[in-house]
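Residue numbers for the sequence shown follow numbering that gives the first Met the number 0, beginning at 0 and rising by one.
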Amino acid sequence: MFINDVEQCQWIRQKFETPGVMQFSSEEKRTLLARLVRSMRFEDFLARKWSSEKRFGLEGCEVMIPALKTIIDKSSEMGIENVILGMPHRGRLNVLANVIRKDLEQIFCQFDPKLEAADEGSGDVKYHLGMYHERINRVTNRNITLSLVANPSHLEAVDPVVQGKTKAEQFYRGDAQGKKVMSILVHGDAAFAGQGVVYETFHLSDLPSYTTNGTVHVVVNNQIGFTTDPRMARSSPYPTDVARVVNAPIFHVNADDPEAVIYVCSVAAEWRNTFNKDVVVDLVCYRRRGHNEMDEPMFTQPLMYKQIHRQVPVLKKYADKLIAEGTVTLQEFEEEIAKYDRICEEAYGRSKDKKILHIKHWLDSPWPGFFNVDGEPKSMTCPATGIPEDMLTHIGSVASSVPLEDFKIHTGLSRILRGRADMTKNRTVDWALAEYMAFGSLLKEGIHVRLSGQDVERGTFSHRHHVLHDQEVDRRTCVPMNHLWPDQAPYTVCNSSLSEYGVLGFELGYAMASPNALVLWEAQFGDFHNTAQCIIDQFISTGQAKWVRHNGIVLLLPHGMEGMGPEHSSARPERFLQMSNDDSDAYPAFTKDFEVSQLYDCNWIVVNCSTPANYFHVLRRQILLPFRKPLIIFTPKSLLRHPEAKSSFDQMVSGTSFQRVIPEDGAAARAPEQVRRLIFCTGKVYYDLVKERSSQGLEEKVAITRLEQISPFPFDLIKQEAEKYPGAELAWCQEEHKNMGYYDYISPRFMTILRRARPIWYVGRDPAAAPATGNRNTHLVSLKKFLDTAFNLQAFEGKTF
């Protein structure tokens, strides 16, 4: 065996080499047969009723249903109360029907093309849907909660999401050893070997801040990937070899031997409970039909499918065996079939009475008590997010001290802490201290905060330092944030593995479990999010529309053109804005709750704060809103230490709140009729513009307004700002290239709100293929060029828009 632990190897030997270990009672065999009947007859029923529909059936691996039920039964017997599952589309409807026990009529309704959804959102195909169900386990007679996480067609993408949700459920239950909550992941053989996120997820399995204390993996090894043979699909002997890297035992079992499958699954559940480690069950099976029911497999695997057509179904094999040994009679077997067929027919009849579809019936992560009974927010108000000054002062004091005695910190860190103490004394904050105060105040209010990502404990730019390290005692650390108040919520900050796809998926899953937590993932540099693009595209931006699943995850993406080259500059804001669902052409109705209604209707919130105070407020607003939306924050790099990028306590105390737009407040605002140009911008470029305006002495001629919330677009405030300066040219200035950044998003919205009466001129870098130059001098030249244009008051004369 490849496992390098003698005790574990000996445990496995005893389970498989002891004579007579695989003995089943008559009752256990009858239960297994009944479960096989349900699994196979469900597929047969769907095939009869909807022969031309894609179902991604389980034919050829029907034993997976009793296999999963055995893992759940055995785990329940050992104390598990909550099982979270993730799986691809193959066999999903069968799992929903016969493992999770979704009402059959609701499944059958999904096949009716005439039914329309009564809920918000666009919905998803039936073999992507998830659900949540609490019921009594009939074998152990104990309560158990089962949830199947909804997922896209992107194979294995759900793996880290399930792990994150499992970790969160364990955390909220105080289940540090994973004795109450566990996860099961179902895989296909080709995807298990081929998708890198499988490897990324395995490598989270034993990390202290990410472990779920063992997952049972079940591989539906039908020896084909769509049309691709194993010899073309992997370089390893087995599709499961990836699991060897974490010393997970891998049990290969013939799926046409149901009793062997059930025994192996029982052992797998015991292994997970005993050693708190992952385990893999490799169900060696076949796929009786094509990739989907409309597909002809004989085109590409003719010999394989000639053999499959001759293959006797596992139900008949096992029924014949039990009849021959006298465990059941033929009549009893036929009655079991007739009983389940009748259940399906009755459910089919009831499904015909349904008039609408309810997407909310398929919710995989309900939040009891957070919404009204009808699923709507309890209020539609945008809260004030400021806090009392004494709380700011207290948090600042803790942030600038070491709460443990005899703890020696680095001399450079002592200087940073002294700087924090000075800022607190002077009632000011920089970016790092504003973040500290946002987190600390939420902890005081009972909100769990979790910050995850590469190097987040110190911060990529050495600004955060939320974990202090003793310079003389190895591995002795201190997290001052957990020493703010005796009754505070816990704060988790954890450096992740060097993974984006897996870790962002994990944090997304963590945020699914409860609305009362601020869960943040920070990219080391903003552009690294594209390695996790699948999670962003398939789960974060579309999750609520497809699955009515609210999620409040926060993405912190360092962004800024600072001459550091094309790979460490842009967080690609244009991509997030392109996926934002607010309508650029619809002139909005400015009702009294316009701001919060915009937030409720959007698919996510995109911000680029220019002040520490606004960063503080937007983090707090994320939790104080009566609903949850993903929040994308383009965070600064150079502004972390910029002398002008500081905020006063006055901008953070009770009664203050997040500013979607920060208007000009200088000389131009005092004499708006004399202003020749009004420049709109967002983020760091504001400080470049202010410096250049001052050097040219144009404070009375040029006003500068900042968009802090870019999406949903603040139509109402932009209209106010434009009307304040009726004689001014309007310009949008950005440091990104013209085909990137924000211009393509904001331009049509400006045209809508101004009713095309005034153009919005572009000021910025020319279009380019790469996000930024790798040459420092070229960077500075292009910066000077667009700053000159911004304050050349004749720049747009004679031009047409």
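Cβ coordinates follow ideal geometry from the N, Cα and C atoms, glycine included.
Could you check where the beta strand (DSSP E) with N494 kicks off and where it finishes? For the purposes of this step, residue 494 is taken as residue 495 along the sequence shown, with counting starting at 1. DSSP places N494 in the uninterrupted beta strand (DSSP E) bounded by 490-494.
For M181, the residue or residues it bridges with in DSSP: Numbered from 1 along the sequence shown, position 182 holds the residue referred to as residue 181. Paired residues: V82.
Simplified DSSP state of E133, which is helix, strand or coil: The residue you call residue 133 lines up with position 134 of the sequence shown. Strand at E133.
Report all residues from its chain with a CB closer than 8 Å to the CB of L95; omit the five preceding and five following residues, and keep chain order. Residue numbering aside, residue 95 sits at position 96 when the sequence shown is read from its first letter. Excluding positions up to five away in sequence, the list reads K101, I106, L128, M130, L147.
Quick check on E295: buried or exposed, where buried means 16 or more other Cβ atoms within 10 Å of its Cβ? Position 296 of the sequence shown holds residue 295. So E295 counts as exposed.
Roughly how many angstroms separate the alpha carbons of W731 and V197, rounded to a whole number? Position 732 of the sequence shown, counting from 1, holds the residue named residue 731. Position 198 of the sequence shown, counting from 1, holds the residue named residue 197. Between the C-alpha atoms of W731 and V197 there is a straight-line separation of about 44 Å.
Determine the contact status of K628 and S364, defining contact as a CB-CB distance below 8 Å. Here residue 628 corresponds to residue number 629 of the sequence shown, with the count starting at 1. Here residue 364 corresponds to residue number 365 of the sequence shown, with the count starting at 1. No, these two residues do not count as a Cβ contact at 8 Å.
Does the stretch 230-239 come close enough to the stretch 256-266 that 3 or more CB-CB pairs lie under 8 Å? With a cut-off of 8 Å, the stretch 230-239 and the stretch 256-266 do not count as touching, because too few Cβ pairs lie within range.
Tell me, which residues are paired with I143 by DSSP? Taking the first residue of the sequence shown as position 1, residue 143 is located at position 144. BP columns for I143 point to R134.
Helix, strand or coil at Y761 according to DSSP, with G and I counted as helix: For the purposes of this step, residue 761 is identified with residue 762 of the sequence shown, where counting begins at 1. Strand.
Helix, strand or coil for E735, going by three-state DSSP, please let me know. Position 736 of the sequence shown, counted from the first residue, corresponds to residue 735. Residue state, collapsed to three classes: strand.
Could you check whether the stretch 639-658 touches the stretch 521-533, counting it as contact only if at least three pairs of C-beta atoms, one from each stretch, sit closer than 8 Å? Pairwise C-beta distances place the stretch 639-658 out of contact with the stretch 521-533, as fewer than three of them are shorter than 8 Å.
Does the distance from the CB of Q162 to the CB of L203 come in under 8 Å? Residue mapping note: residue 162 aligns to position 163 of the sequence shown, counting from 1. Residue mapping note: residue 203 aligns to position 204 of the sequence shown, counting from 1. Yes, they are a contact pair.
Given this structure, state the Cα-to-Cα distance separating S74 from N272, to the nearest angstrom. On the sequence shown, position 75 is the one that residue 74 refers to. On the sequence shown, position 273 is the one that residue 272 refers to. Each residue's alpha carbon lies about 8 Å from the other.
Helix, strand or coil: how does DSSP classify A702 here? Locating residue 702 in the sequence shown gives position 703, counting from the first residue. Under the three-state reduction of DSSP output, A702 falls in the strand class.
Neighbourhood of G452 by C-beta, 6 Å cutoff - its chain only, sequence neighbours within 5 removed: Walking along the sequence shown from the start, residue 452 turns up at place 453. So the list reads S495, W520, E521, once near-sequence residues are dropped.
By DSSP, does N275 sit in helix, in strand, or in coil? Walking along the sequence shown from the start, residue 275 turns up at place 276. Residue state, collapsed to three classes: coil.
Between F238 and D158, how many whole angstroms is the CB-CB distance? I'm expecting something under 8 Å. By 1-based counting over the sequence shown, the position of residue 238 is 239. By 1-based counting over the sequence shown, the position of residue 158 is 159. The sequence given here places Pro at residue 238; Phe does not occur at that position. Contact check for P238 and D158: beta-carbon distance about 15 Å, past the 8 Å limit, so the pair fails to qualify.
Assuming V466 contacts T476 under a Cβ cut-off of 8 Å, what Cβ separation, rounded to an integer in Å, is found between them? By one-based count along the sequence shown, residue 466 stands at place 467. By one-based count along the sequence shown, residue 476 stands at place 477. Separation of the CB atoms of V466 and T476 is rounded to 5 Å, and the pair is thereby assigned contact status at 8 Å.
Would you mind stating whether E691 and A667 have Cβ atoms separated by less than 8 Å? Position 692 of the sequence shown, counted from the start, is the residue given in the question as residue 691. Position 668 of the sequence shown, counted from the start, is the residue given in the question as residue 667. No.
In or out: P766 buried (at least 16 other Cβ within 10 Å) or exposed? Along the sequence shown, read from residue 1 onward, the residue named residue 766 stands at position 767. The residue is exposed, with fewer than 16 neighbouring Cβ atoms inside 10 Å.
Fully enclosed by the stretch 659-689, which beta strand (DSSP E) runs are 3 residues long or longer? Counting whole runs of 3 or more residues, the stretch 659-689 contains the beta strand (DSSP E) stretches 676-680.
Taking the continuous beta strand (DSSP E) assigned at F633, which residues delimit it? Start at 1 with the first residue of the sequence shown, and residue 633 comes out as number 634. For F633, the enclosing beta strand (DSSP E) has its first and last residue at 630-634.
If contact is defined by three or more beta carbon pairs under 8 Å, each pair taking one atom from either stretch, is the stretch 584-591 in contact with the stretch 611-624? Pairwise C-beta distances place the stretch 611-624 out of contact with the stretch 584-591, as fewer than three of them are shorter than 8 Å.
Along the beta strand (DSSP E) that carries E722, what are the first and last residues, could you check? Numbered from 1 along the sequence shown, position 723 holds the residue referred to as residue 722. For E722, there is no enclosing beta strand (DSSP E); the enclosing alpha helix (DSSP H) covers residues 714-723.
For W603, which of V244, N550, F170, M560 has the nearest alpha-carbon? Numbered from its first residue, the sequence shown carries residue 603 at position 604. The shortest C-alpha separation from W603 is found at N550.
Would the stretch 389-403 count as touching the stretch 631-647 if we require 3 or more Cβ pairs under 8 Å? Verdict: no, contact absent.
Going by the DSSP bridge assignment, what does C477 pair with across the sheet? By one-based count along the sequence shown, residue 477 stands at place 478. Residue pairing from DSSP places C477 in a beta bridge opposite L467.
What is the rounded straight-line gap between the Cα of E720 and the Cα of H153? In the sequence shown, the residue the question calls residue 720 occupies position 721. In the sequence shown, the residue the question calls residue 153 occupies position 154. Rounded to the nearest angstrom, the two C-alpha atoms are 44 Å apart.
Assign Y317 to one of two classes, buried (16 or more other C-beta atoms within 10 Å of its C-beta) or exposed (fewer than that). Translated into the one-based positions of the sequence shown, residue 317 becomes position 318. Buried, by the Cβ-count rule.
Nearest by alpha-carbon distance to Q621: which of I552, P587, S637, A570 is it? In the sequence shown, counting from the first residue as 1, residue 621 sits at position 622. Closest option to Q621, Cα to Cα, is I552.
Distance, Cα to Cα, L362 vs S50? On the sequence shown, residue 362 is found 363 positions in, with the first residue counted as 1. On the sequence shown, residue 50 is found 51 positions in, with the first residue counted as 1. Between L362 and S50, the alpha-carbon positions lie close to 28 Å from each other.
Check N253 in the structure and name its three-state DSSP category. Within the sequence shown, numbered from 1, the residue matching residue 253 stands at position 254. Strand.
Would you call N221 buried or exposed, if buried means 16 or more other Cβ atoms sit within 10 Å of its Cβ? Locating residue 221 in the sequence shown gives position 222, where the first residue counts as 1. Residue environment: N221 is assigned as buried (16 or more neighbouring CB atoms within 10 Å of its CB, all protein chains considered).
Any chance the stretch 675-687 sits against the stretch 725-742, with 3 or more Cβ pairs inside 8 Å? These segments touch.
Using a threshold of 8 Å, state whether the C-beta atoms of D4 and W546 are closer than that. Taking the first residue of the sequence shown as 1, we reach residue 4 at position 5. Taking the first residue of the sequence shown as 1, we reach residue 546 at position 547. Against a cut-off of 8 Å, the Cβ pair of W546 and D4 comes out as no contact.
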